[in-house]
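Each remark here refers to the structure printed beneath this line.
Residue numbers (our numbering): 1 to 691.
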């Protein structure tokens, strides 16, 4: 029995189908796995419910054993919860229960981060493989994967993404292909060339981001496509899994009712070479499944909103918010009811172990809290003074939350008198001995008057040395000399061109009768800006030898100072000495054949960004033009470096430069062939479009 799996490196190289740091190809990979014990499967007594797309929650990072920096688990909307599958025994590694195999961990188990740690791990993996009617391979990969943004394991570089990938080789036709899979139906337009390669990765930006999108719930084993869930299986360490690593069979749980893999070609014909089913279509219904179940208590959704101490009498109030929490379930069982967190608290800081997992303060007794819906509150006298920290426990999951204890500050007056330029503040603290201040100015007994305030803020915040703070919206008294609409001044953005070593006078609109001031000066290595007091024009002087662009800002104020404009920018273009053009590249030696290759192409929809790279066998510092051959649109130029490598990376594109899935990319060197013909790379069909 073979474990067939796709393990794509999470860095750009792997996601684009390149080589890893050790030179081996990652992507489609099959490896022999030792035979595992047979399991007797019993059909579940319940039919799978139709759960929504996406995942429910992501687990805490601190509770992940080993301190590897990944979330401990992910939970789907049915309650099935899968943990970060890191092998804990040599047998679990050898048999591929966590997808990893013995060669992936040369030092064996346990994994230790980051030195003896593989660069890919899976919370969930489902593969469906087969051949097309012309005998070529086809594969569907559905995975929730943990990897590293830069390639090798490194602290603070952990990422998790939900992947949907389709790979088909040797396409028989050009046109629109339609792919049906458990999480949706995708039409890939304008596919041409020898393969279809489409990847959708969601969640790389943050751990919780992987719960969004259409990936989910987790697919489970069944005796028939879409049938009842099969029970979990037990592995060599006693842990439970959604399936054995050598199991190949039907699945259930698709939110679309599509518990299969199907491809339809541009003529509407089924592409997969499998028998026709009862519905008249050809589809693959047997999948491999990997995922280790988390069966512990799921921590409640708890927010410790405030821990406030008071001195009259000495006491501490704790305010928290709780939300009912879906608990973990195992396949073949009904969705567990939601559990509402049950809170209690301790005086003092939570204890913490090496993995930053919190626990109750040693030697402390818990105090109860009262609940009303989502709101939870507790109060008791401080045993000795006012603690700097309290520790709140959710008894339903033995999860702990620390919070700082602060005094409560209330701002009862925040008033501004514009005629006097005076700000009046009154505030109080629950600590009778607290010292209050506003913006560094002490408020004796909570009261203070700040003068010479030309323009007040909208909100006044008062801080206490008891770590608390309070805020209030400002009120004002009538201004006897209110500014009229006609008194508003506007500074406009300005542009000018100047030769190096010369000056230019820049007229300023709305400056007559007012005062022009430079707010942010220009770059001192390029030039300087002054204001002509007689004309109010800005004089910019470029330094000798300067070139390129320079910027600075200015504003306009009335002579009385009562009205000041916005701050506007001035953009300067400096014409420096003209550099001679670079010499043309030398012609290639007689008989030289130039070969252009594209090795990777990606378009990121979140940044409207193209990333394309490749090689050229002529190392002559020439420039290539990258084109979307499907749409006939030039994307941009890519210079070839001294090693023969080239790359294009542009952001913020729009309109026709935005591709569609399946578009083909080509790199061209204009007029470089015999008799001035263009030289181009082969069409590249592996364009990846990623959110």
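Even for Gly, the Cβ is constructed at its ideal location relative to N, Cα and C.
Open item on the list: Tell me the DSSP secondary structure of residue 92 in three-state form.
Closed with: Helix.
Task: Helix, strand or coil at residue 433 [DSSP, three-state] - done: Residue state, collapsed to three classes: coil.
Task: Test item: CB-CB of residue 408 and residue 468 under 8 Å - done: In contact: residue 408 and residue 468 (Cβ atoms closer than 8 Å).
Open item on the list: Within the continuous beta strand (DSSP E) that includes residue 85, where are the two ends?
Closed with: Premise fails: residue 85 is in no beta strand (DSSP E) and is neither H nor E.
Task: Nearest neighbour of residue 653, chosen from 635, 660 and 667 [CA to CA] - done: When only C-alpha atoms are compared, the closest one is 635.
Open item on the list: Rounding to the nearest angstrom, what Cα-Cα distance links residue 681 and residue 163 in this structure?
Closed with: The straight-line gap from Cα to Cα measures roughly 29 Å.
Task: Simplified DSSP assignment, three categories, for residue 184 - done: Here residue 184 carries a strand assignment [DSSP, helix/strand/coil].
Task: Euclidean distance between Cα positions of residue 655 and residue 689 - done: Going from the Cα of residue 655 to the Cα of residue 689 covers about 16 Å.
Task: Between the CA atoms of residue 429 and residue 351 - distance to the nearest angstrom - done: Taking the straight line joining both Cα atoms gives about 30 Å.
- [ ] Take residue 427 and list the residues in its own chain whose beta-carbon comes closer than 7 Å to its own, dropping the five residues that flank it on each side.
- [x] Result list for residue 427: 409, 410, 411, 412, 436, 443, 446, 462 and 470, in chain order.
- [ ] Using beta-carbon positions only, say whether residue 698 and residue 626 come within less than 8 Å of one another.
- [x] Given a span of 1 to 691 for the chain in the structure shown, any question on residue 698 remains unanswerable.
Task: Contact belief for residue 84 with residue 123 at Cβ below 8 Å, rounded distance in angstroms - done: Contact flag correct, Cβ pair sits at about 6 Å.
- [ ] Report all residues from its chain with a CB closer than 7 Å to the CB of residue 131; omit the five preceding and five following residues, and keep chain order.
- [x] Around residue 131: 137, 138 and 273.
Task: Beta-ladder partner(s) of residue 416, from DSSP - done: According to DSSP, which records beta bridges pairwise, residue 416 is partnered with 423 and 476.
- [ ] Return the chain-ordered list of same chain residues with a C-beta closer than 6 Å to the C-beta of residue 285, the five sequence neighbours on each side being excluded.
- [x] Counting only Cβ-Cβ distances below 6 Å, and skipping sequence neighbours, we find 225, 250 and 260.
Task: Inter-residue spacing [alpha-carbon to alpha-carbon] between residue 101 and residue 288 - done: Spanning the two alpha carbons is a distance of roughly 16 Å.
Task: For residue 73: DSSP bridge partner residues - done: Paired residue(s): 83.
- [ ] Taking 8 Å as the cut-off, decide whether the C-beta atoms of residue 242 and residue 221 are in contact.
- [x] In contact: residue 242 and residue 221 (Cβ atoms closer than 8 Å).
TODO: Look at the Cβ atom of residue 661, then the Cβ atom of residue 613, and state whether they are nearer than 8 Å.
DONE: For residue 661 and residue 613, no; Cβs fall outside 8 Å.
Task: Helix, strand or coil at residue 547 according to DSSP, with G and I counted as helix - done: Three-state result, residue 547: coil.
Task: Straight-line gap, residue 211 to residue 143 (C-alpha atoms, nearest Å) - done: For residue 211 and residue 143, the gap between their C-alpha atoms comes out near 12 Å.
Open item on the list: Quick check: residue 574 and residue 529, are their CB atoms within less than 8 Å of each other?
Closed with: Against a cut-off of 8 Å, the Cβ pair of residue 529 and residue 574 comes out as no contact.
- [ ] Return the residue from the list 300, 526, 460 and 550 that minimises the CA-CA distance to residue 495.
- [x] Across the set 300, 526, 460 and 550, the C-alpha of 550 shows the shortest separation from the C-alpha of residue 495.
Task: Whether residue 96 touches residue 245 by CB criterion (8 Å) - done: Cβ distance < 8 Å, so residue 96 and residue 245 count as in contact.
Task: Among 203, 373, 432 and 356, the one whose alpha carbon lies nearest that of residue 400 - done: Among 203, 373, 432 and 356, the Cα nearest to that of residue 400 belongs to 356.
Task: Outcome for residue 239 when other beta-carbon atoms lying within 10 angstroms are tallied against a minimum of 16 - done: The residue in question, residue 239, is buried, as its Cβ has 16 or more Cβ neighbours within 10 Å.
Task: Rounded Cβ spacing between residue 145 and residue 120 (contact assumed at less than 8 Å) - done: The C-beta distance from residue 145 to residue 120 rounds to 6 Å, short enough to fall under 8 Å.
Task: Beta carbon of residue 616 nearer than 8 Å to that of residue 644 - done: Taking C-beta atoms as the reference points, residue 616 and residue 644 count as a pair closer than 8 Å.
- [ ] Could you have a look at residue 359 and say whether DSSP puts it in helix, strand or coil?
- [x] Residue 359: strand per DSSP, three-state reduction.
Task: Identity of the residue in 110, 113, 332 and 79 nearest residue 297 by Cα - done: Answer by Cα proximity: 79.
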